[in-house]
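For reference, the structure discussed in these notes is given below.
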Amino acid sequence: MPDSSGSHQTSGSWSTRGEPAVIAAALKEAARAFGGKVSAERNNLIDMTFGSPAGYRLLGTLAPVRTRPVTLRVSIDAASTDVAMVTVTALNDPSRYDVEVSSLSSRQFARACSRLLNGLREAAPPMNRV
0 MPDSSGSHQT
10 SGSWSTRGEP
20 AVIAAALKEA
30 ARAFGGKVSA
40 ERNNLIDMTF
50 GSPAGYRLLG
60 TLAPVRTRPV
70 TLRVSIDAAS
80 TDVAMVTVTA
90 LNDPSRYDVE
100 VSSLSSRQFA
110 RACSRLLNGL
120 REAAPPMNRV
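This is the structure:
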């Protein structure tokens, strides 16, 4: 049985305007809009979970991308009084699956993460680079 624990990971970061508490609220609302939930929150860190481990175990690579189990670890650090740095690390669900086609699983994970990261960027838009 293949070990998929931690086998897929991606990250992204950007600067955005606003106070960390306001940014955190916007990101949590965006997560809910994508079917996610906040699984842990402490200081400037938020863990969000998406997808269905049970559904993915049953359907495997036939499961829709939106149901791919993903955990996002979001860090919001104040860079100045009105600018914060948002860092998001996406991890696959650490469960084991009976069958996993790693190339297909990697593509599904990448598509699921891209969808989620784009949604979070819309909720807390990156500052324009000059």
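No gaps in the numbering here: position 116 of the sequence shown is 115 in numbering that gives the first Met the number 0, and each next residue is one more. For each residue, glycine too, the CB sits at the ideal point set by N, CA and C. Fair warning: this is a prediction, and the values are worked out from it, not measured in the lab.
Beta carbon of residue i nearer than 8 Å to that of residue j
i    : j    : result
T9   : A78  : no
S146 : M126 : Examination of residue 146 is not possible in this model, given that the chain is present from 0 through 129 alone.
V69  : G50  : yes
P19  : I75  : yes
E28  : A109 : no
G11  : V87  : yes
Nearest to residue i (by Cα), restricted to the options the options
i    : options            : result
C112 : A30, A24, R16      : A30
L44  : A23, G34, E28, G35 : A23
L115 : V82, M47, V21      : M47
G34  : R67, R41, R106     : R67
Separation of residue j from residue i, as counted between CA atoms
i   : j    : result
R16 : N91  : 29 Å
V85 : A25  : 12 Å
L71 : L119 : 11 Å
H7  : T80  : 35 Å
A40 : Q107 : The identity of residue 40 in the sequence shown is Glu, whereas the question assumes Ala. Their backbone Cα atoms lie some 27 Å apart in a straight line.
A32 : V21  : 17 Å
Residue span of the alpha helix (DSSP H) that contains residue i, given as start and end
i   : result
A24 : 19-32
Residue interval of the beta strand (DSSP E) (run including residue i)
i    : result
T48  : 44-49
N127 : No beta strand (DSSP E) contains N127, which DSSP labels as neither H nor E.
T86  : 82-91
R72  : 69-77
Bridge partners - residue i, DSSP secondary structure assignment
i   : result
E40 : I45
G11 : V87
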